[in-house]
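Residue numbers (the working numbering): 213 to 312.
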């Protein structure tokens, strides 16, 4: 079973291309996380938030990564970090793929 990890936190910037440049090394490091299938980086400049949606191949790696990433974000000075782990309902997800 796959697991989705949702993380978000208050973020005053940068956003967009500036964030891409600032976080490119971190993005490359995250790509090597055990159990990670993919990550979508998320940001909302209007509400001053950033975060990500991660897909892991097991709950243990998702939980381990949430702990690691929370500690990393705190070391960068972030607070009010929110993280949730959800099991993926594979049957319903397969039915929700748009036809091409």
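In this text, a Cβ means the ideal position worked out from N, Cα and C, and glycines have one as well. Predicted model, so just to flag it, every value in this text is computed and none were measured.
Contact check for residue 270 and residue 247: beta-carbon distance about 5 Å, within the 8 Å limit, so the pair qualifies. Burial check for residue 220: the Cβ neighbour count within 10 Å reaches 16 or more, so the residue is buried. Residue state for residue 242 is assigned as helix, using DSSP reduced to three classes.
Looking only at 242, 214, 299 and 222, the smallest Cα-Cα distance to residue 260 is reached by 222. Contact check for residue 217 against residue 266 passes: the beta carbons are separated by less than 8 Å.
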